[in-house]
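Visitor: Below are the structure tokens for one structure; questions will follow.
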Amino acid sequence: MEFQHKNMSLHSTNDTHCSSPLSGKFKRLASTFGAELDFNQLDGNERQHLLDNIADYLPEHKVFVIRNADLSRSEIHQLGHSMGKPLKYAFSNGVEGFPELIEIRRTPTQVTALSTMWHSDSTYLPAPPDVTVLYGVEIPPFGGTTLFADTAAAFDDLSPTMRDLLRKLRVVQRSDVHANNERLAHLSKPATSEVALSAVHSAIKESDGVEAIYVSQEHSAYFEGMSREESKPLLDFLLRHIVADKYRLEITWQPNTLVVSDNRKTQHRAIDNYYGHSRTLLRLIVQLGKREAATVESDSLLALAA
Ligand SMILES: O=C(O)CCC(=O)C(=O)O
Ligand SMILES: [Fe+2]
0 MEFQHKNMSL
10 HSTNDTHCSS
20 PLSGKFKRLA
30 STFGAELDFN
40 QLDGNERQHL
50 LDNIADYLPE
60 HKVFVIRNAD
70 LSRSEIHQLG
80 HSMGKPLKYA
90 FSNGVEGFPE
100 LIEIRRTPTQ
110 VTALSTMWHS
120 DSTYLPAPPD
130 VTVLYGVEIP
140 PFGGTTLFAD
150 TAAAFDDLSP
160 TMRDLLRKLR
170 VVQRSDVHAN
180 NERLAHLSKP
190 ATSEVALSAV
200 HSAIKESDGV
210 EAIYVSQEHS
220 AYFEGMSREE
230 SKPLLDFLLR
240 HIVADKYRLE
250 ITWQPNTLVV
260 SDNRKTQHRA
270 IDNYYGHSRT
280 LLRLIVQLGK
290 REAATVESDS
300 LLALAA
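Dropping the structure here:
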């Protein structure tokens, strides 16, 4: 390799710069991202501290797994509010009492599964969510894991020339790149959208001083100003690049496992290898507090699309 890693320190396994009283309890899950902790290791004050401040841990870990969290729907919804503003998902009216909290489910006889392509959530909105919260409810006896990719580390590893090229590109993100009505079959209170949702974003997402690849298999259609044919080789290269083993984390679910992920610096996908068994997760997408002005825009867009 002729070029240097752009910012090794941001992706280092050295956790000494984290000053949280809970730092010592985190288990690192992969070399560049991911941390896990068991609620049973924490006392009541520590649990509350973690839930109240969870967004503070995201810049360092990007994906955060809490085992035995044992949260009610209301507490998960509250967790979203503690980080910022929960957003309503365009294709579901949520669960009773909590329109932003959706149930993602697969029954033993459903042949399809949701979200098996690499993506960050709802990037076809003008102001996509910063954070995704997933919570394990009913977990199959095997399989059904979720893969995460560290798209910031993947960006760092590109050549300076490729990084500069990507910084100049904008990508058209759509809800219907792989449109499939089966999506609704896996959601609580499914909601159809008259029109496909679409937004144009920079191909590189910057957050917390870190740049990450913001092009995904599920939602990216083509680069603005380029044809689909012209875009395809670069899209294909990026999609292959981010799924390398060294950027990957696989999360095995248990009931009451809470996963909080940074939707700007990671992508994820569900693994469909548990046919014959049920799987149910809850999901909440959240815009962090500091970006509150942008939420008005996405609310009005969803109102129009509803
Ligand atoms: O089911 C999973 O593991 C992931 C679900 C997901 O990506 C989503 O609903 O956005
Ligand atoms: Fe997702």
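Quick note on numbering that gives the first Met the number 0: the sequence shown kicks off at 0 and runs consecutively. Where is the CB? At the ideal position from N, CA and C, for every residue including glycine.
Say yes only if the C-beta of T122 is nearer than 7 Å to one or more non-hydrogen atoms of ligand 2, and no if none qualify.
Guide: no
Visitor: Going by C-alpha distance, which of V194, Y213, Q109 and S91 is nearest L233?
Guide: Y213
Visitor: Would you mind working out which of L287, R268 and Y273 sits nearest T115, comparing C-alpha positions?
Guide: R268
Visitor: Please state the DSSP three-state secondary structure of G135.
Guide: strand
Visitor: Using a Cβ-based criterion (distance less than 7 Å to any ligand heavy atom), does T256 qualify as near ligand 2?
Guide: no
Visitor: Since E102 and S187 should fall inside the 8 Å C-beta cutoff, what is the C-beta to C-beta distance between them, to a whole number of angstroms?
Guide: 4 Å
Visitor: Which term fits E228, buried or exposed, when burial requires 16 or more other beta carbons within 10 angstroms of its beta carbon?
Guide: exposed
Visitor: Once DSSP output is grouped into helix, strand and coil, what is the label at T160?
Guide: Residue state, collapsed to three classes: helix.
Visitor: Give the single residue among F63, M225 and S219 whose Cα lies nearest to the Cα of A235.
Guide: One point to set straight first is that residue 235 is Asp, not Ala, in the sequence displayed. Per the Cα distances, S219.
Visitor: Does the Cβ of I103 lie closer than 7 Å to at least one heavy atom of ligand 1?
Guide: Remark: the C-beta of I103 is in contact range of ligand 1, defined as less than 7 Å to any heavy atom.
Visitor: Rounding to the nearest angstrom, what Cα-Cα distance links L280 and N92 in this structure?
Guide: 15 Å
Visitor: Look at the alpha carbon of H200 and the alpha carbon of P125, and state the distance between them as a whole number of angstroms.
Guide: 8 Å
Visitor: Consult DSSP for F141 and reduce its assignment to one of helix, strand or coil.
Guide: coil
Visitor: Opposite R282 in the DSSP bridges: which residues?
Guide: I101 and L133
Visitor: In whole angstroms, what separates the C-alpha of R263 from that of S215?
Guide: Take the alpha-carbon of R263 and the one of S215: they are about 12 Å apart.
Visitor: For L248, name the three-state secondary structure that DSSP assigns.
Guide: strand
Visitor: Less than 8 Å between the CB atoms is what I'm expecting for R105 and H185, so what's the real figure, rounded?
Guide: 6 Å
Visitor: Using C-beta distances below 8 Å, list every residue in its chain close to L287, excluding the 5 sequence neighbours before and after it, in chain order.
Guide: A54, M82, G83, D129 and V130
Visitor: Say yes only if the C-beta of T356 is nearer than 7 Å to one or more non-hydrogen atoms of ligand 1, and no if none qualify.
Guide: Examination of residue 356 is not possible in this model, given that the chain is present from 0 through 305 alone.
Visitor: Pull up the CB-CB distance for P85 and V285, whole angstroms please, since I reckon it's below 8 Å.
Guide: Confirmed, about 5 Å.
Visitor: Report yes if the C-beta of H267 is less than 7 Å from at least one heavy atom of ligand 1; otherwise report no.
Guide: yes
Visitor: Among the candidates R278, R247 and D69, whose CA atom is the shortest distance from the CA of R27?
Guide: R247
Visitor: Relative to the alpha-carbon of P127, which residue among E249, I241 and L196 has its alpha-carbon at the smallest distance?
Guide: Among E249, I241 and L196, the Cα nearest to that of P127 belongs to L196.
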